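Shown next, in structure tokens, is the structure this report addresses.
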Amino acid sequence: MRAMILETLGHATLALSREGEDPILLTDPWLTGSCYWRSWWIENYPSPAEIATLKRARYVYLTHEHPDHLHPPSLRLLGPDGPEILVPDFLEMGMDAFLKGEGFRVRRLPSAEWVSLDHDVSAMSLPIWNNDSILILSTPDALIFDLNDAKPDGRVFTKLKRLRDAAPERRCVVLRSHSPASPANSFFVDGGRLERTSKAQFVRAARAACRRIGATDFMPFASQSTFRRSDTEWANAYKVGLADLREHWKDRSAKLHPPYTRLDLATGEASSRDPAAYDPHDTAETRGLIAEQERENAAVTLDQSDLDRLEAQLRELRLYLLALFPRGFGVTAGDLALHFDPRKGRLERRASTGHFQLEIPPLALKEALAFGHVGDLCIPMFTRAHLDGRTTPRRVELFFMLLALRDYGYVGGLGRLARWAAWVGREQLRRLPAPPRPAA
Numbered sequence: 161m162r163a164m165i166l167e168t169l170g171h172a173t174l175a176l177s178r179e180g181e182d183p184i185l186l187t188d189p190w191l192t193g194s195c196y197w198r199s200w201w202i203e204n205y206p207s208p209a210e211i212a213t214l215k216r217a218r219y220v221y222l223t224h225e226h227p228d229h230l231h232p233p234s235l236r237l238l239g240p241d242g243p244e245i246l247v248p249d250f251l252e253m254g255m256d257a258f259l260k261g262e263g264f265r266v267r268r269l270p271s272a273e274w275v276s277l278d279h280d281v282s283a284m285s286l287p288i289w290n291n292d293s294i295l296i297l298s299t300p301d302a303l304i305f306d307l308n309d310a311k312p313d314g315r316v317f318t319k320l321k322r323l324r325d326a327a328p329e330r331r332c333v334v335l336r337s338h339s340p341a342s343p344a345n346s347f348f349v350d351g352g353r354l355e356r357t358s359k360a361q362f363v364r365a366a367r368a369a370c371r372r373i374g375a376t377d378f379m380p381f382a383s384q385s386t387f388r389r390s391d392t393e394w395a396n397a398y399k400v401g402l403a404d405l406r407e408h409w410k411d412r413s414a415k416l417h418p419p420y421t422r423l424d425l426a427t428g429e430a431s432s433r434d435p436a437a438y439d440p441h442d443t444a445e446t447r448g449l450i451a452e453q454e455r456e457n458a459a460v461t462l463d464q465s466d467l468d469r470l471e472a473q474l475r476e477l478r479l480y481l482l483a484l485f486p487r488g489f490g491v492t493a494g495d496l497a498l499h500f501d502p503r504k505g506r507l508e509r510r511a512s513t514g515h516f517q518l519e520i521p522p523l524a525l526k527e528a529l530a531f532g533h534v535g536d537l538c539i540p541m542f543t544r545a546h547l548d549g550r551t552t553p554r555r556v557e558l559f560f561m562l563l564a565l566r567d568y569g570y571v572g573g574l575g576r577l578a579r580w581a582a583w584v585g586r587e588q589l590r591r592l593p594a595p596p597r598p599a600a
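Per the numbering used here: the sequence shown ends with 600, consecutive numbering throughout.
Structure follows, in structure tokens:
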């Protein structure tokens, strides 16, 4: 049997294959173009020859719905007759319905069950409470834990460690994001940016995940994007690159690999791409697309139907928002200033004197309202949160978490909240079956 090869590509894309054969599995293929309103681009795009090989993959697994993971242009590039798309079995699913509507073959993977993908290759999907997921792959020589953007709690880490301990003779590879894609450094007080996180903190979090599972190898993952809009370029200074990882990686038990690495799972032999050879697609064409997007944003104004949608969504969360922000909060989009009063459940056209004020590009807000993903507006790096000096960033992050859970249909009414809490409890209590044993 040929050697199993694990290769990291793109942003959160891994390819699992046998030496010299077509890929068995891809994850979260982002292979072309941009996402988040042409804010995020990949620092190294796959070559045309690599894409031709990826098109012959049998399966694609999508960890969650964020557009740097569920990237429709890349899935279309693979073709509707290409790989079968595997998705987690979340309580509320918009992902599979959308993909089926686009003509793709889609299958939900049952939670916490091993599913055979090929001879001696199996996959297990673990949904997480916030509609993210962990993918675990079992091969004859390795267990692969794709944590991606998921933030498992201690109970989940304990389960993952038990899996690893059930196959101590195998290599244990952990893949995890390691760089900010959150509002962590998007908060301002009196016009000054709050410096809330350091690069060392992100590296320590990745090291801690490796230690808790018992990793032998760490592959940097899901953080290989670059920010190219004029209102997001600032975030590049906060990216955790390979030099930062090497500086702060004080863990000899898990080998740190560079991004874009090809790893032989049996021997541990690895090769990686020279950063000087990266292809970020920084061309006149892509720069023109970014400029076009910024012009479109400047020309957009929100109409009354947009404001009605925003008010209706915030009103669904009124009791939570009243507890968190009794004085309300503001939203600005271009020249439009709004204030939400949770006591009245009303959105008012005026400047806010509440707990915080969000500054959001109008085109992004308009489209997020139309598509039902308002909670994602904390991610692209262009949303700014101006605090009143007493409100903590954590409370605003909780606000975005509530918006995201509302987008997924988990909060709003007490019935939905109870149903979601029961599902989270069931998932937490699930026992994970031991990894399949390789055939003799």
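We put the beta carbon where it would ideally sit given N, CA and C, even for glycine. As the structure is a computational prediction, the values presented were derived from the model and not from experiment.
Looking at R591, P521, L481, the one whose alpha-carbon comes closest to that of E557 is L481. When DSSP states are grouped into helix, strand and coil, E225 belongs to the coil group. Where H499 is concerned, there is no enclosing alpha helix (DSSP H), although the beta strand (DSSP E) around it starts and stops at 496-501. Listed in chain order, the non-local C-beta contacts of P540 below 8 Å within the same chain comprise Y196, W197, S199, W200, T392, A524, local neighbours out to five positions each way being set aside.
The beta-carbon separation of H408 and A344, rounded to 17 Å, does not stay under the 8 Å limit for a contact. Assignment of beta-bridge partners to Q464 by DSSP yields no partner. Each of E262, P522, T427 was checked against the Cα of D466, and the nearest Cα belongs to P522. Residue nearest to H231 within the set R268, P287, L462, G170 is G170 (criterion: CA-CA distance). Annotation for S199: no beta strand (DSSP E) segment contains it, and DSSP assigns it neither H nor E. Counting along the chain, the unbroken alpha helix (DSSP H) around T318 starts and ends at 314-325. Going by beta carbons, T492 and S346 fall outside the 9 Å limit.
The C-beta distance from D411 to R367 rounds to 5 Å, short enough to fall under 8 Å. Contact between the region 455-463 and the region 199-218 is not established, with fewer than three Cβ pairs separated by less than 8 Å. Within the same chain, W201, I202, Y205 come within 8 Å of H441 by CB-CB distance, once the 5 residues on both sides are set aside. Per DSSP, the unbroken beta strand (DSSP E) holding S298 starts and ends at 292-298.
Nearest Cα to R506 within the set L470, C332, D495: L470.
Closest in alpha carbon position to G401, among P380, L297, R389, T376, is P380. When DSSP states are grouped into helix, strand and coil, G490 belongs to the strand group. Ranking S383, R353, G448, R389 by CA distance to the CA of V363 puts S383 first. T173: not part of any alpha helix (DSSP H); member of the beta strand (DSSP E) spanning 173-178, first to last residue. Boundaries of the alpha helix (DSSP H) around M561: 553-567. According to the DSSP assignment, L484 belongs to the alpha helix (DSSP H) that extends over 478-484. In this structure Y219 is in contact with P243, their Cβ atoms being roughly 5 Å apart against a cut-off of 8 Å. Counted as a single uninterrupted DSSP element, the stretch harbouring D442 is not any beta strand (DSSP E), since DSSP gives it neither H nor E.
Going by DSSP, S432 is part of no alpha helix (DSSP H) but of the beta strand (DSSP E) stretching over 430-432. Listed in chain order, the non-local C-beta contacts of A395 below 6 Å within the same chain comprise F387, M541, local neighbours out to five positions each way being set aside. Here DSSP, grouped into helix, strand and coil, assigns M379 to strand. With contacts defined by Cβ atoms closer than 9 Å, G490 and L518 form a contacting pair. If the five residues before and after E262 are omitted, its C-beta is found closer than 8 Å to the C-beta atoms of P232, L235, R236, P240, all from its own chain and listed in chain order. Runs of the alpha helix (DSSP H) spanning 4 or more residues and lying entirely within the region 198-283 occur at 208-214, 232-238, 255-261, in chain order. A contact is defined here as three or more CB-CB pairs under 8 Å, and the region 561-573 fails this definition with respect to the region 263-272. L529 carries a helical assignment under DSSP once its states are collapsed to helix, strand and coil. In this structure, L565 lies near W580, with their beta-carbon atoms less than 9 Å apart.
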